[in-house]
Amino acid sequence: MNTLKTLTAAVALATLGATAPSVFAQSNATSGAQGAAATQQGTAAQQGSATQQGAAGSMGAATAQISDTELEKFASAESKVSEIRTEFSEKLAEAESQEKAQSLQMEAQEKMVEAVRDEGMEIPKYNEIATRLQSDPELQQRVSSMN
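Mature numbering (1 follows the signal peptide of the UniProt record, and there is no 0) puts the sequence shown at residues -25 to -1, 1 to 122.
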């Protein structure tokens, strides 16, 4: 039982930590979905983001500049999302069943979406910035200077 609990918590933590930004892309479409379907859609969103990122990179200068205002909103939202991720990581580690872990993941997702929207950002824009941050050192520097 402890092995199952540990494995469930580890998988839940990995899923929450690795897919949080891309899960936002699915939030409107999957707000009623549960369990494995939500996880699969989050993974599909990640794969789609990677494809979009490659396409955006090939466009070069054609990509839109992200304003300082948008980056400030993103930095604030990311800080809140990080706090939520930490809070729920602890809760997930204590989840006694896979169903409880899935419920916690969905609750965390909802809170993260709310945190982003509370900062005045739309989820697609948050996802765009999060994706671009992974491969754009200049953007990383701009965000770092805001903290």
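The C-beta atom is built at its ideal place from N, Cα and C for all residues, glycine as well.
From a predicted model like this one, the values you see are computed outputs, not experimental measurements.
Where the alpha helix (DSSP H) through residue i begins and ends
{"i": "Asp43", "result": "43 to 68"}
{"i": "Asp93", "result": "73 to 93"}
{"i": "Glu103", "result": "98 to 108"}
{"i": "Gln115", "result": "112 to 119"}
8 Å contact criterion, which residue i and residue j should meet: CB distance rounded
{"i": "Phe63", "j": "Val118", "result": "Their Cβ separation, rounded to whole angstroms, is 23 Å, which puts Phe63 and Val118 out of contact at 8 Å."}
{"i": "Ala90", "j": "Lys66", "result": "About 16 Å separates the two Cβ atoms, so there is no contact after all."}
{"i": "Ile104", "j": "Glu45", "result": "7 Å"}
{"i": "Ala83", "j": "Ala76", "result": "With 8 Å as the limit, Ala83 and Ala76 do not qualify as a contact, their Cβ atoms being about 10 Å apart."}
{"i": "Ala52", "j": "Glu94", "result": "4 Å"}
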